[in-house]
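The structure under discussion appears below in the form of structure tokens.
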Amino acid sequence: MSIEIARIKKSFGRTQVLNDISLDIPSGQMVALLGPSGSGKTTLLRIIAGLEHQSSGHIRFHGTDVSRLHARERKVGFVFQHYALFRHMTVFDNIAFGLTVLPRRDRPTAAAIKTKVMQLLEMVQLAHLADRFPAQLSGGQKQRVALARALAVEPQILLLDEPFGALDAQVRKELRRWLRQLHEELKFTSVFVTHDQEEATEVADRVVVMSQGNIEQADAPDRVWREPATRFVLEFMGEVNRLTGTVRGGQFHVGAHRWPLGYAPAYQGPVDLFLRPWEVDISRRTSLDSPLPVQVIEASPKGHYTQLVVQPLGWYHDPLTVVMAGDDVPQRGERLFVGLQNARLYHGEQRIEHHEALALAESA
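Going by UniProt numbering, the first residue of the sequence shown is number 1, and it counts up by one from there.
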């Protein structure tokens with residue numbers, strides 16, 4: 001079931017929450033709505049579900065306008081962050097609930113409901129807990145029950161609001177893998193809300209990054225990482241180092257150093273330079289690629305690489321986070337050398353002409 005979101009706007013009183021949102025979701029795709037608190041992602045999800053109504057715009061399911069339909073008429077499954085299970089019902093009865101309250105003409109027989117619920121319990125690996133009550137379950141088990149309940153009515157669209165946000169890190173990882181496998185088996189269209197970048201990129205086919213009621217970028221997970229469309233996406237999607245300097249002619253100046261850009265931008269003046277930790281060249285010896293002296297102030301081995309926090313020596317004031325390959329872990333206080341390759345330059349929100357690398361020139 002495809003979803004078309006067409007020019008959706010939403011305001012609460014004088015506060016504009018969604019600004020002219022348009023997005024097409026093909027049938028069978030799993031999409032993550034990713035963004036910080038207040039970005040509008042949950043409001044958009046609730047509008048798709050029919051739990052909230054837009055101020056203007058349209059929602060279409062497989063070409064049919066459902067904008068005026070009540071939530072129950074849209075036939076979507078919805079999974080809440082805090083499970084919303086009925087405490088007085090067993091696991092079996094919680095999952096069966098959606099089927100038992102269907103109109104009589106649509107309601108399956110008691111035998112068919114039992115068969116369906118047992119199939120779902122097997123699918124979510126909880127058949128042995130059918131007679132337990134929610135209070136007797138772990139957080140991960142409760143979320144599986146909530147998901148099974150949503151799937152019981154065979155929705156063609158599944159919506160999830162921060163489905164793993166209340167769980168500990170290890171359980172989140174396990175459930176993410178499980179949800180991805182389940183999606184690949186059942187091929188339903190799914191939209192889920194998260195503020196966790198790793199969760200979005202690990203589970204989703206497409207990541208929609210939102211900020212202040214706008215879509216900043218809607219793209220495949222790897223493209224959101226490698227080719228951020230805006231400065232917000234660059235800074236939001238994982239750790240990034242920022243250096244403030246100045247463009248003069250065809251050079252970037254920071255502290256007492258300058259780098260040729262390989263071109264002379266039309267813009268001249270203050271800029272911010274951005275580098276991911278793994279984009280910083282680092283070496284134990286100075287070279288043309290790694291000429292800038294730094295001192296290690298933290299070293300955290302991560303298996304096949306080490307994450308370092310280093311303090312520039314005499315050329316910049318803020319520490320940098322750097323990833324160093326190999327198992328030869330530098331010691332705190334050790335002197336190393338870095339180079340600023342593959343950097344991105346921004347003036348405010350505007351990216352300065354794309355370039356492949358910055359190379360060191362002589363110190364000023």
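For every residue, glycine included, the Cβ atom is placed at its ideal position computed from N, Cα and C.
Predicted, not measured: the structure shown is a model, and the values here were computed from it.
Closest Cα partner of residue i within the set the options
i	options	result
residue 272	244, 286, 281	244
residue 88	184, 136, 188, 104	136
residue 291	305, 335, 309	335
residue 222	268, 108, 206, 282	206
residue 219	153, 250, 33	33
residue 127	145, 182, 83, 255	145
residue 123	259, 158, 45, 179	179
residue 280	340, 193, 191, 192	340
residue 265	344, 15, 316, 36	344
residue 25	159, 130, 52	159
residue 208	16, 13, 15, 29	29
residue 76	138, 84, 103, 48	48
Helix, strand or coil at residue i according to DSSP, with G and I counted as helix
i	result
residue 263	coil
residue 232	helix
residue 92	helix
residue 250	coil
residue 321	strand
residue 221	helix
residue 398	Nothing can be reported for residue 398, as the shown portion of the chain is limited to 1 through 364.
residue 9	strand
residue 97	helix
residue 184	helix
residue 170	helix
CB of residue i within 8 Å of CB of residue j, strictly
i	j	result
residue 140	residue 120	no
residue 40	residue 69	no
residue 225	residue 201	yes
residue 59	residue 215	no
residue 99	residue 107	yes
residue 232	residue 199	no
residue 10	residue 43	yes
residue 161	residue 80	yes
residue 247	residue 269	yes
residue 347	residue 267	yes
residue 307	residue 319	no
residue 186	residue 241	no
residue 85	residue 155	no
Residue environment, residue i, which counts as buried when at least 16 other CB atoms sit within 10 Å
i	result
residue 142	buried
residue 313	exposed
residue 117	buried
residue 257	buried
residue 149	buried
residue 61	buried
residue 8	buried
residue 288	exposed
residue 96	buried
residue 101	exposed
residue 204	buried
residue 300	exposed
residue 217	buried
residue 332	exposed
Bridge partner(s) assigned by DSSP for residue i
i	result
residue 61	3, 64
residue 73	Note: residue 73 sits in no beta bridge, so no partner.
residue 237	DSSP output for residue 237 lists no bridge partner at all.
residue 257	254
residue 190	30, 158
residue 214	211
Any chain C beta carbon closer than 8 Å to residue i
i	result
residue 114	Looking at the structure shown, chain C is missing, and only one protein chain is on hand.
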